[in-house]
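Visitor: The structure under discussion is supplied below as C-alpha cells; questions concerning it will follow.
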Amino acid sequence: MRRVRELHLEHDGVLGSPWMWRELRYAGERCNHHRVARLMRRDRLSGMPQRRRWRRKTSGLPPTGTQNHLERDFTVTVPNTKWDTEITYRRTAEY
Numbered sequence: 001m002r003r004v005r006e007l008h009l010e011h012d013g014v015l016g017s018p019w020m021w022r023e024l025r026y027a028g029e030r031c032n033h034h035r036v037a038r039l040m041r042r043d044r045l046s047g048m049p050q051r052r053r054w055r056r057k058t059s060g061l062p063p064t065g066t067q068n069h070l071e072r073d074f075t076v077t078v079p080n081t082k083w084d085t086e087i088t089y090r091r092t093a094e095y
C-alpha cells in the first residue's frame, strides 16, 4: 500500500487501478489488478477519468457548405484551369 500511495502522489493522482497495476508490475511488484483496485478503494484513492476520444463522423454525406466544382469532369483544354489532389496517408519509416 505504501508503494501505491507513492505512485499516486508521483502521478498527481491521475493513475487509476489499471495503470497503477501496470506501473507496479513494471517496477517488479507481484500483484493482481483486482487487489490493486481493492486497496485503492479501501484507501479512497481514485484516478482521473480519461477524456472521451473524438469519434469520426459517419461517412456517406459530404460536410455541409462544400461544393463539387468539377462535377467529376477532369478534362482540361487550357493548362492551370483545374487542379486536383489526392491525399494518401501511409506510414513509413521516414520522419
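If you read the sequence shown in the numbering used here, its first letter stands for residue 1, the second for the next number, and so on.
Glycine included, C-beta positions come from ideal geometry on N, C-alpha and C.
These figures come from a predicted structure and were not determined experimentally.
1. For His-143, is the classification buried or exposed, using 16 other Cβ atoms within 10 angstroms of its Cβ as the cut-off for buried?
2. What did DSSP end up calling Ala-27 once you bin it into helix, strand or coil?
3. Between the C-alpha atoms of Ala-37 and Ala-93, what's the straight-line distance to the nearest angstrom?
4. When you compare each of Pro-62, Arg-55, Arg-3 to Tyr-26 by their alpha carbons, which one comes out closest?
5. Roughly how many whole angstroms lie between the Cα atoms of Leu-61 and Leu-15?
Guide: So, from the data block:
1. Given a span of 1 to 95 for the chain in the structure shown, any question on residue 143 remains unanswerable.
2. Numbered from 1 along the sequence shown, position 27 holds the residue referred to as residue 27. Three-state DSSP puts Ala-27 in coil, outside helix and strand.
3. Numbered from its first residue, the sequence shown carries residue 37 at position 37. Numbered from its first residue, the sequence shown carries residue 93 at position 93. Straight-line spacing of the CA atoms in Ala-37 and Ala-93 works out to 39 Å.
4. The count along the sequence shown starts at 1 and reaches residue 26 at position 26. Per the Cα distances, Arg-3.
5. Position 61 of the sequence shown, counted from the start, is the residue given in the question as residue 61. Position 15 of the sequence shown, counted from the start, is the residue given in the question as residue 15. When rounded, the distance between both Cα atoms is 40 Å.
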